[in-house]
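Following full-length UniProt numbering, the numbering of the sequence shown begins with 1 at its first residue and continues without gaps.
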Amino acid sequence: MSSWNRSLHFCRWYGVTCGRRHQRVTILDLNSFQLSGSISSHVGNLSFLRELDLSNNSFTHEIPPQIGHLRRLQVLSLYNNSFDGQIPPTISNCSNLAFFYLDNNNLAGEIPVELGSLVKLKSIYLQRNNFIGTLPPSFGNLSSLDILGAYQNQLNGNLPESLGQLKSLRILSIFENEFSGTIAPSIFNLSSIEGLDLSSNHFQGNLPMDIGNSLPKLQHFSVAVNQFTGIIPTSISNASNLELLDLLVNNLTGRVPSLDKLHRLSEFMISVNNLGSGKADDLTFLSTLMNATALQLLGIGNNNFGGELPEQIANFSKELNIFVIQNNQISGNIPVGIEVLVNLEVLYADGNKLSGNIPSGIGQLQNLKLLSLGNNNLSGYIPSSLGNLTNLLEIFLYNNSLQGTIPSSLGKWKKLLKLDFSTNNLSGPIPPELFGLSSLSKLLSLSVNHLSGSIPEEVQNLKNLGILDLQDNKLSGEIPSGLGSCTDLELLFMGSNLFQGSIPSSFASLRGIRELNISHNNLSGKIPEFLKGFNSLQLLDLSYNDFDGMVPVEGVFKNFSATFVGGNKNLCGGIPNFGLPECKFEQSKRRPTTKLKIIISAICVVTSITFFLIALLLWHLSKRRKGEATSLFDGNSLLKLSYQSLLKSTNGFSSDNLIGVGSFGSVYKGILDQEGMIIAVKVLNLMRRGASKTFIAECEALRNIRHRNLVKVITACSGVDYQGNDFKALVYNFMVNGSLEDWLHPILGLEEVPRSLNIVQRLSIAIDIACALEYLHNQCGTPIVHCDLKPSNILLDEEMVGHVSDFGLVKFLSSGMLDNSTNHSSSLGIRGTVGYCPPEYGVGSEVSTHGDVFSFGTLLLEMFTGKKPIDDIFQNNLSLHSFVKRGLSEQVKEIVDSKLFHMQLNGDATSNHNHNFRNGRNNILIECLTSTLEIGMCCSIESPQERMNISDVVAQLTSIRNKLVGTRLPRGRETSV
């Protein structure tokens with residue numbers, strides 16, 4: 001901007017254009033000048049300005065409202081800056097404005113309704129800001145509008161029906177917002193539309209049957225990640241200009257229509273729906289895609305498609321880049337001829353029923369980067385031709401019936417990051433070439449095979465590897481010292497092999513290790529001292545070897561639940577929980593002479609008295625300075641913890657340790673230094689009305705009850721913090737698997753893998769909850785009502801056993817004990833959580849055990865439908881109860897959590913059972929689900945007296961589980977069902 005000086009007329013300044021007649025500024029183009037700061041309000045004095053382009057800079061602060069003075073302005077381009085505040089409504093005075101670009105800023109607030117008066121506006125870009133509210137209905141007046149972009153904001157509510165008036169609109173892009181409701185038919189009738197992206201919102205309803213006819217110019221159509229139901233309209237094929245069709249992550253059902261007229265189709269995505277019926281003709285639509293000569297992405301994964309892949313796959317577009325069919329019921333062989341798809345980079349076919357051999361022709365797909373064929377019924381050998389896939393980054397062949405040796409040609413995969421060949425019938429030695437792949441940085445799993453021989457020394461090349469899993473093989477020899485070079489290892493599993501010798505001293509370098517399993521081998525020698533210094537170690541399994549000597553008592557060794565040393569006959573010492581004999585040299589140390597005993601005893605007595613007096617004095621002085629464990633548990637508490645110890649164990653109640661927030665406080669994960677015990681600390685928010693009563697109620701309840709399915713309290717702490725504020729906390733055993741809420745409705749990060757519960761696990765947890773209620777209602781002498789049963793109050797331990805928690809609203813039904821219900825409830829204005837609270841509480845009825853049964857019934861229905869009682873679909877008198885009632889009279893499979901069937905069918909697909917057996921299992925599954933939902937219905941019925949007795953619930957649910965499992969298996973084996 002050196003030209004901007006007084007020696008040069010401003011009309012000759014760089015970026016400035018003036019009119020010939022009046023020498024007034026008409027265009028100010030400072031695009032990409034690396035400018036910052038705010039825009040002066042004096043910009044409003046450029047009354048002849050037609051174009052203002054300040055895009056691609058670093059301007060901050062608010063947009064000056066004086067821009068509204070520029071009545072000749074036609075182009076306002078402010079995108080890619082850091083403007084904040086709201087859009088000035090005065091911009092609506094720029095009556096000639098045609099192009100308005102505000103995208104990629106920090107603007108917030110609602111979009112001004114006044115913008116609807118800009119009738120000459122052709123393009124408006126509002127995307128990538130923080131706008132709230134909805135699109136103003138006044139936008140329906142923008143009759144010249146060609147492009148409306150408002151994606152990646154926080155807009156919500158219904159999409160205004162008035163947008164259906166925009167007859168010139170070509171592109172409407174509002175993805176990644178919070179819009180909901182149904183789409184007005186008038187919007188689907190905008191015949192000028194070329195691009196319509198409504199993805200990642202909460203839209204509902206069906207796609208219009210005539211969409212392919214009413215939107216003839218449609219090129220880009222995406223409604224992904226919404227809640228659309230119904231079928232894919234057959235008319236979609238008439239939208240012959242379609243290049244992108246994205247319907248993934250909805251609730252679409254039925255068959256996929258013919259797509260034979262979509263010659264320009266480049267991307268077709270329908271994954272994660274309920275499409276298909278598991279029948280042989282489900283995939284006929286694939287053959288109609290042969291005319292799509294530009295097809296690059298084809299995704300149909302996570303549906304119910306059955307049948308075999310058509311041979312016509314070989315006639316697909318040679319441009320096909322991504323092919324995803326995972327998690328369906330597709331059977332048969334992988335078609336020969338797939339090698340003609342020379343540009344294929346991603347092939348995901350895992351989680352199906354594919355059988356036969358892996359075609360050697362796949363080795364000709366030299367652009368392939370991701371190959372996943374796991375969890376199928378593939379057999380035969382791993383083709384050596386796969387070694388030609390030199391661009392491969394990840395390969396998954398797990399859970400098949402592959403046999404033979406691992407080809408040494410796989411050593412050509414110089415870019416490989418992940419490899420999983422686990423759970424097959426592979427045999428022979430591990431080729432050294434595989435361990436020579438220094439690129440492997442994430443995963444190498446060869447577990448559950450029949451591999452033999454020793455680990456090649458080349459393992460030292462895996463310096464960047466994070467997970468190495470070799471367990472359940474027949475590997476032998478000594479553990480190579482070169483494994484200590486793999487310093488990035490976090491998980492190392494070598495259990496259930498034939499290894500011998502000692503743990504290499506080089507393992508001292510593995511300081512980032514989190515889990516180490518070398519159990520069930522023939523290892524011997526001492527347990528290395530360096531293991532106790534591994535601060536990251538969370539699980540150590542040394543069981544069933546021939547280790548001898550003393551077990552350390554520091555580091556991970558002081559955590560009984562994280563360390564396993566059983567089955568080593570010559571070990572001694574360790575913490576008492578291990579139950580090991582005392583080490584002989586320790587016993588000899590405790591045999592002092594009689595004279596020495598007397599001296600030591602005398603010193604101990606004097607010292608003890610002195611310390612007792614000092615401690616008593618200090619206790620009186622510091623009693624009000626530090627919160628201490630109270631006597632609320634009548635001496636039954638395991639520990640006495642101060643505010644200081646809880647502060648330290650939770651890293652200062654750090655947000656990194658926060659694991660939950662409830663109505664009356666927050667829960668933190670903590671680790672006690674001396675004991676190494678992992679705890680959960682519930683800190684009461686005493687500013688919240690009723691929190692103190694909640695604390696007293698929970699203490700009173702937990703000191704009087706004991707049951708395997710109730711959360712175990714360790715102690716309570718009541719005092720003051722370092723600022724002199726009252727402090728109250730409850731300390732529980734930490735439940736490693738979190739809450740039932742986390743499993744039923746997980747909130748995942750970008751790289752997290754979804755986790756789910758199978759039907760037997762859900763039944764077992766439901767039985768656990770029912771057993772806890774049966775104990776509270778019938779076996780405590782005084783009946784106790786929990787009053788707040790819901791998924792977030794059900795915690796799961798390491799064995800997935802359910803524990804009822806949070807007794808802050810508990811009610812004792814005896815007047816002789818603390819009555820925390822009526823008074824407490826009225827003072828707080830609450831008797832439970834909306835959706836789980838029985839209807840009679842809402843009209844003033846007394847708290848009763850029938851109320852808990854209602855909450856349990858609602859919870860049971862939620863567990864097996866996957867829907868919360870306050871789900872958005874439950875409107876207009878539709879409830880979870882009536883939803884299930886209607887489904888039971890129609891088709892159960894349509895209302896239960898679809899993941900239950902996916903998990904069941906995948907489990908059957910990997911078994912050796914025949915087709916008739918699988919059909920029989922499916923019938924039993926439907927019958928058991930029906931019975932379970934009927935119990936939930938009987939428990940959540942409106943009339944309290946008609947609800948089931950909780951003892952009958954326990955008996956019937958147990959019977960259902962036994963019928964499904966077929967025998968009384970221990971919980972650890974139920975996952976095979």
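Heads up, the beta-carbon is just placed ideally off N, CA and C, and yes, glycines get one too.
Legend entry - Range of the contiguous beta strand (DSSP E) that encloses residue 419: 418–420
Legend entry - With 16 other Cβ atoms within 10 Å as the buried cut-off, status of residue 790: buried
Legend entry - Outcome for residue 237 when other beta-carbon atoms lying within 10 angstroms are tallied against a minimum of 16: buried
Inset, instruction - Evaluate residue 905 with the Cβ neighbour count: other Cβ atoms within 10 Å of its Cβ, from every protein chain shown; 16 or more gives buried, anything less gives exposed. - result: With a pLDDT of 47 at residue 905, under the threshold of 50, the predicted position of this residue should be treated as unreliable, though the coordinate-derived value follows. Counting Cβ neighbours within 10 Å, residue 905 comes out buried, since at least 16 surround it.
Legend entry - Beta-carbon proximity list for residue 958, same chain, < 7 Å, skipping 5 on both sides: 767
Inset, instruction - Report the rounded CA-to-CA distance for residue 475 versus residue 399, giving the unit in angstroms. - result: 20 Å
Inset, instruction - Tell me the start and end of each unbroken beta strand (DSSP E) in the stretch 346–433 that is at least 3 residues and wholly inside, in chain order. - result: 346–348, 353–356, 370–372, 377–381, 394–396, 401–404, 418–420, 425–428
Inset, instruction - State the Cα-Cα distance for the pair residue 461 and residue 771, rounded to the nearest angstrom. - result: 53 Å
Inset, instruction - Could you tell me the boundaries of the beta strand (DSSP E) in which residue 478 lies? - result: 474–478
Inset, instruction - Pull up the distance between the alpha-carbon of residue 822 and that of residue 445, whole angstroms please. - result: At residue 822, the pLDDT of 33 sits below 50, so the modelled position is not reliable and the matter cannot be decided from this model.
Legend entry - Under the three-state DSSP convention, the category residue 42 falls into: helix
Legend entry - Best match in 28, 133, 643, 35 for proximity to residue 82 [C-alpha to C-alpha]: 35
Inset, instruction - Give the straight-line distance between the Cα atoms of residue 450 and residue 541, rounded to the nearest whole angstrom. - result: 22 Å
Inset, instruction - Identify, in the order they occur along the chain, each residue of the same chain with its Cβ nearer than 7 Å to the Cβ of residue 369, setting aside the five sequence neighbours on each side. - result: 345, 346, 391, 392, 393
Inset, instruction - Identify the continuous beta strand (DSSP E) that holds residue 856 and give its terminal residues. - result: No beta strand (DSSP E) contains residue 856, which is instead part of the alpha helix (DSSP H) from 849–865.
Legend entry - Between the CA atoms of residue 132 and residue 153 - distance to the nearest angstrom: 7 Å
Legend entry - CA nearest to the CA of residue 554, picked from 327, 547, 271, 574: 574
Inset, instruction - Only counting runs of 3 or more residues, tell me where the beta strand (DSSP E) segments fall wholly within the stretch 510–581, in order along the chain. - result: 515–517, 522–526, 539–541, 546–551, 570–573
Inset, instruction - Could you name the residues of the same chain whose beta carbon sits closer than 6 Å to that of residue 333, not counting the 5 residues immediately before and after it, in chain order? - result: 356
Legend entry - For residue 118, the nearest candidate out of 18, 577, 91 (CA to CA): 91
Inset, instruction - Return yes when the Cβ of residue 270 is within less than 7 Å of the Cβ of residue 300, no when it is not. - result: yes
Legend entry - Given 8 Å, three or more beta-carbon pairs between the stretch 789–805 and the stretch 638–655: no
Inset, instruction - Look at the alpha carbon of residue 892 and the alpha carbon of residue 885, and state the distance between them as a whole number of angstroms. - result: 10 Å
Inset, instruction - Label residue 961 either buried or exposed according to how many other C-beta atoms from any shown protein chain fall within 10 Å of its C-beta, with 16 as the threshold for buried. - result: buried
Legend entry - Cutoff 8 Å; reference residue 183; Cβ partners in own chain excluding five residues on either side: 159, 198, 203, 205
Legend entry - Short Cβ contact (7 Å threshold) for residue 108 with residue 127: no
Inset, instruction - Could you tell me if the beta carbon of residue 884 falls within a distance shorter than 6 Å of some heavy atom in the ligand HEM? - result: As for the ligand HEM, it is missing from this structure, which has no ligand bound.
Legend entry - In DSSP terms, what residue 126 is bridged to: Answer by DSSP bridge pairing: none, since residue 126 is not bridged.
Legend entry - Simplified DSSP assignment, three categories, for residue 963: helix
Inset, instruction - Would you please state the rounded distance, in angstroms, between the beta carbons of residue 896 and residue 859? I believe it to be under 8 Å. - result: 15 Å between Cβ atoms; not a contact.
Inset, instruction - Could you have a look at residue 836 and say whether DSSP puts it in helix, strand or coil? - result: coil
Legend entry - Simplified DSSP state of residue 730, which is helix, strand or coil: strand
Legend entry - Length of the line joining the Cα atoms of residue 243 and residue 742: 38 Å
Inset, instruction - Would you mind stating whether residue 385 and residue 360 have Cβ atoms separated by less than 7 Å? - result: yes
Inset, instruction - Measure the CB-CB distance between residue 481 and residue 463 and report whether it falls below 7 Å. - result: no
Inset, instruction - Please classify residue 782: is it buried, with 16 or more other beta-carbons within 10 angstroms of its beta-carbon, or exposed? - result: exposed
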